[in-house]
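In the numbering used here, the protein residues as written are 279 to 652.
Ideal Cβ positions, reconstructed from N, Cα and C, are used throughout, including at glycine.
What follows is the structure, encoded as structure tokens:
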């Protein structure tokens, strides 16, 4: 039986304005009327200002993630070489050098930045929803293992790098840290935004620091598949990279940290991408770029400001980030390869069971939707 998107919401109590907005967005996503001209789907001319602001927030967010670091670096170089403000940029460069290890020591989270009103526009654009399925003890540390990466990890960012989805209310006493590549914390300006949102480096040193904090209260959020997983991002597909990812298992064993599965249903519906099958020249170029720079140069197919057919703005589709039940892990300071493999298999089974139990609530064709593990 096919479940209409609006029926999905009937099982979720509409206890907030966010959930009401989600109901409206789901209906619009399924039935929104638009007209076609030269095979381009145009947005209605009479679009409310609120929706325009939501689209602007999504566009700004894409530009920040995709080009923000490069643009800020270029601006700093220009100010240094061609203006009288060179002394200011040199001072800032010295500060970055002095502050270079903060991303490995818990970061520098700012509740003020995490609660910016701008994030609420981003949340309502899709909309985004954070769902809790089990209670978590705030006196412990946790390792959240998030899937899939998608194109921009929208669900994970909205849920754990901002307070727009109410993480602090759902998980009182826990502070989330969305970890990412250490190189991002060397880029001017954008590093300050990432740190203020609670992000830290995904290095073993950084994650070990977070997982070993006395008194607990820290949730380290790792997108296990990484940038390589974005190559598999296609609407309706849930193909993840997990088989060869075992470093996080070893860290969890060393610190006895529970593993919490997290799945963002709808993440892969936000973008399609230019065809790049394995073995193609485009895929080869993308793989080489990713190996050198740590990011995947995907050519996304989204939408534009005034039409829905192409562009870099993510599509307006609902994303449900569901946090599962923690899987306990025995503390073994120096785990063997066999012990790592055993816990890895146990977590894989735990993740698969969680996905199968939850998918019927959040995808349009659950019987045809499977979690493919690479």
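In this structure, the beta-carbon distance from residue 423 to residue 538 falls below 9 Å. Boundaries for residue 423: no alpha helix (DSSP H) harbours it, while the beta strand (DSSP E) harbouring it runs 420-425, taken from the DSSP string.
For residue 496, the enclosing beta strand (DSSP E) has its first and last residue at 496-501. In the three-state DSSP reduction, residue 644 falls in the helix class (H, G or I). Residue range 516-518 is occupied by the beta strand (DSSP E) that includes residue 516, with no alpha helix (DSSP H) assigned at that position. Between residue 647 and residue 545, the C-beta gap is not smaller than 9 Å, which leaves the two residues out of contact. Under the criterion of beta carbons closer than 8 Å, residue 404 and residue 594 qualify as touching, at roughly 6 Å. Counting only runs that start and end inside the stretch 547-630, the beta strand (DSSP E) elements of at least 3 residues fall at 597-601. If you draw a 10 Å sphere on the C-beta of residue 638, you find fewer than 16 other C-beta atoms in it, and that means exposed.
Beta-bridge pairing by DSSP links residue 453 to 496. The stretch 453-460 makes contact with the stretch 472-490, as at least three CB pairs between them are under 8 Å. When secondary structure is reduced to three states using DSSP, residue 479 falls in the strand class.
Residues 335 of the same chain have their beta carbon placed closer than 7 Å to that of residue 396, with the five preceding and five following residues left out of the count.
Annotation: residue 413 is outside any beta strand (DSSP E) and is labelled neither H nor E by DSSP.
Contact check between the stretch 467-474 and the stretch 383-390: three or more CB pairs, one atom from each, fall below 8 Å, which counts as touching. Per the coordinates, the alpha-carbon of residue 418 lies some 13 Å from the alpha-carbon of residue 530. Counting along the chain, residue 464 sits inside no alpha helix (DSSP H), nor does DSSP assign it H or E at all. Apart from the 5 residues on each side of it in sequence, residue 443 sits with its Cβ closer than 8 Å to the Cβ of 296, 401, 406, 407, 408, 436, 437, 599 in its chain, given in chain order. In this structure, the beta-carbon distance from residue 604 to residue 414 falls below 9 Å. Straight-line spacing of the CA atoms in residue 369 and residue 560 works out to 41 Å. One alpha carbon belongs to residue 392, the other to residue 446, and they sit about 11 Å apart. Apart from the 5 residues on each side of it in sequence, residue 411 sits with its Cβ closer than 7 Å to the Cβ of 600, 601, 602, 603 in its chain, given in chain order.
Residue 369: member of the alpha helix (DSSP H) spanning 364-376, first to last residue. Distance from the Cα of residue 353 is smallest, within the candidate group 371, 528, 337, for 371. Taking residue 616 as reference, the option from 564, 606, 568, 527 with the minimal CA-CA separation is 527.
Following the DSSP letters along the chain, one finds residue 341 in no beta strand (DSSP E) but inside the alpha helix (DSSP H) bounded by residues 327-341. In this structure, the CA atom of residue 630 is about 12 Å from the CA atom of residue 622. In the DSSP assignment, residue 380 falls outside any beta strand (DSSP E) and carries neither an H nor an E.
For residue 543, the secondary structure class from DSSP, reduced to helix, strand or coil, is strand. Per the C-alpha coordinates, the member of 515, 340, 478 positioned closest to residue 644 is 515.
For residue 532, the uninterrupted alpha helix (DSSP H) segment begins and ends at 525-533.
Inclusion of residue 549 and residue 429 in the CB contact set at 9 Å is warranted, their separation being smaller than that value. Contact between residue 495 and residue 452 holds: CB atoms are separated by about 6 Å, below the 8 Å threshold. By the CB criterion at 9 Å, residue 434 and residue 542 fall inside the cutoff. Looking at the DSSP output, residue 354 sits in no beta bridge, so it has no partner there. Residue 339 sits buried, since 16 or more C-beta atoms from the chains shown fall within 10 Å of its C-beta.
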